[in-house]
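Numbering (UniProt numbering), first residue to last: 1 to 87.
Below you can see the structure in the form of structure tokens.
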């Protein structure tokens with residue numbers, strides 16, 4: 001439900017655009033090109049199955065897991081319930 005001068009469905013369009021932007025940003029961060037045979041961080045072999053599954057991969061599973069856990073998550077509360085907003 002849009003209000004004021006906006007047309008009906010404008011809120012959903014904004015949500016769709018936000019999701020599309022997030023997907024595009026995630027895709028832009030994905031590795032591309034030829035996969036490395038050895039991890040750029042620790043030098044261990046990268047298994048063939050991983051190289052096939054993730055084109056352009058540069059790290060082994062262990063090093064990638066460490067990098068992923070170091071990523072900070074947003075502190076914005078996106079849950080809709082009033083209960084979660086009171087915490």
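All C-beta atoms, glycine included, are put in the ideal place defined by N, C-alpha and C. Computed from a predicted model, the values in this text were never measured in an experiment.
**OP:** Quick one: grab the DSSP three-state call for residue 12.
**Re:** helix
Original post:
By Cβ distance below 8 Å, which residues in the same chain neighbour residue 56 in space, the five residues on each side in sequence not counted?
Top reply: 30, 31, 32, 33, 34, 35
Original post:
Which two residues bound the contiguous alpha helix (DSSP H) that contains residue 44?
Top reply: Residue 44 -> no alpha helix (DSSP H), and no H or E assigned at all.
Subject >> Alpha carbon of residue 18 to alpha carbon of residue 28, nearest angstrom >> reply: 15 Å
Original post:
What three-state label does DSSP hand residue 7 in the structure shown?
Top reply: coil
Original post:
Among 44, 10, 49, 69, which has the Cα closest to the Cα of residue 59?
Top reply: 44
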